[in-house]
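In the working numbering, the protein residues as written are 303 to 575.
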């Protein structure tokens with residue numbers, strides 16, 4: 303075990319330093335942001351030193367190489383979370399942006415007055431405030447699952463909240479405050495029984511446990527790169543293809559169009575739009 307721990311420490315250059323008292327650095331805040339292993343640092347350096355360019359734009363060797371690398375990353379993420387298609391993997395700036403993308407597109411397009419969103423008190427603000435804001439804007443109603451004395455979701459209470467008015471259940475896979483692991487597959491199944499969708503904040507759960515979005519019946523999943531030992535400023539939004547195809551664009555610009563005319567523009571297909 304000691305040898306294995308030493309090997310793991312060797313993967314993270316930042317852990318090689320020692321304090322003035324001679325003690326090695328011990329980092330126990332990966333739940334907030336993980337350190338980067340040598341492989342990630344080397345890959346970032348490789349990109350900037352060898353083939354950095356605009357992706358999906360340049361018709362030259364560097365552009366081809368960096369585009370190939372980015373799409374290979376999309377394929378690895380598809381496999382990592384068990385998605386059905388690479389077109390269901392949307393790159394974002396992180397979990398917060400991913401939540402806001404769905405709240406501002408799906409929420410504005412599909413929510414109406416009197417519809418209900420189910421949340422709970424263990425959620426990170428990133429998976430709480432966006433739904434609070436869109437509910438206020440659209441006249442939707444927020445419902446909250448009670449917690450048990452042990453810090454778990456009260457599933458009997460959850461069941462009692464579900465109804466034909468429920469349009470979305472937003473829940474963390476693993477609480478950043480309590481460490482509670484929520485039964486996502488069961489919650490998704492119950493939500494679908496009343497015709498609701500489930501949005502999972504996977505910022506804490508994705509780094510710590512296997513996930514299969516198809517088997518778990520997850521409709522939307524968000525997570526951040528910096529919590530899974532990746533670079534800062536990147537994240538993932540997974541959405542079932544049928545759902546993504548029915549969403550309006552979140553942002554407009556050069557990377558999400560197929561054609562631009564003076565009178566109108568046409569959007570690119572998934573995942574670009």
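All residues carry an ideal CB built from backbone N, CA and C; glycine is no exception.
{"Asked": "Going by beta-carbon coordinates alone, are residue 389 and residue 468 separated by less than 7 Å?", "Found": "no"}
{"Asked": "Runs of 3 residues minimum, wholly inside the stretch 352 to 414: which ones carry the beta strand (DSSP E) assignment?", "Found": "391 to 394"}
{"Asked": "Ignoring anything shorter than 3 residues or poking outside the stretch 526 to 560, list the beta strand (DSSP E) runs there in chain order.", "Found": "537 to 541"}
{"Asked": "Figure out for me which residue from 314, 542, 570, 567 has the closest Cα to the Cα of residue 384.", "Found": "542"}
{"Asked": "Could you tell me the distance, in whole angstroms, from the CA atom of residue 472 to the CA atom of residue 340?", "Found": "35 Å"}
{"Asked": "Could you tell me if the beta carbon of residue 316 falls within a distance shorter than 6 Å of some heavy atom in the ligand ZN?", "Found": "Although the ligand ZN was asked about, the structure shown includes no ligands whatsoever."}
{"Asked": "Tell me the rounded alpha-carbon separation between residue 474 and residue 460.", "Found": "14 Å"}
{"Asked": "For residue 524, list the residues DSSP reports as bridge partners.", "Found": "503, 539"}
{"Asked": "First and last residue of the beta strand (DSSP E) that includes residue 468?", "Found": "468 to 474"}
{"Asked": "Taking all protein chains shown into account, do 16 or more other C-beta atoms lie within 10 angstroms of the C-beta of residue 331, making it buried, or fewer, making it exposed?", "Found": "exposed"}
{"Asked": "Based on the DSSP secondary-structure assignment, which residues constitute the bridge partners of residue 421?", "Found": "446"}
{"Asked": "Tell me which residues share the same chain as residue 413 and place their Cβ nearer than 7 Å to its Cβ, disregarding the 5 neighbours each side in the sequence.", "Found": "436, 440, 442, 469"}
{"Asked": "Measuring CA to CA, which of 311, 342, 334, 335 is closest to residue 327?", "Found": "311"}
{"Asked": "Can you give me the C-alpha to C-alpha distance between residue 408 and residue 550, rounded to a whole angstrom?", "Found": "8 Å"}
{"Asked": "Compare the C-alpha of residue 464 against each of 404, 350, 334, 491 and name the closest.", "Found": "491"}
{"Asked": "Go ahead and pull the three-state DSSP assignment for residue 431.", "Found": "helix"}
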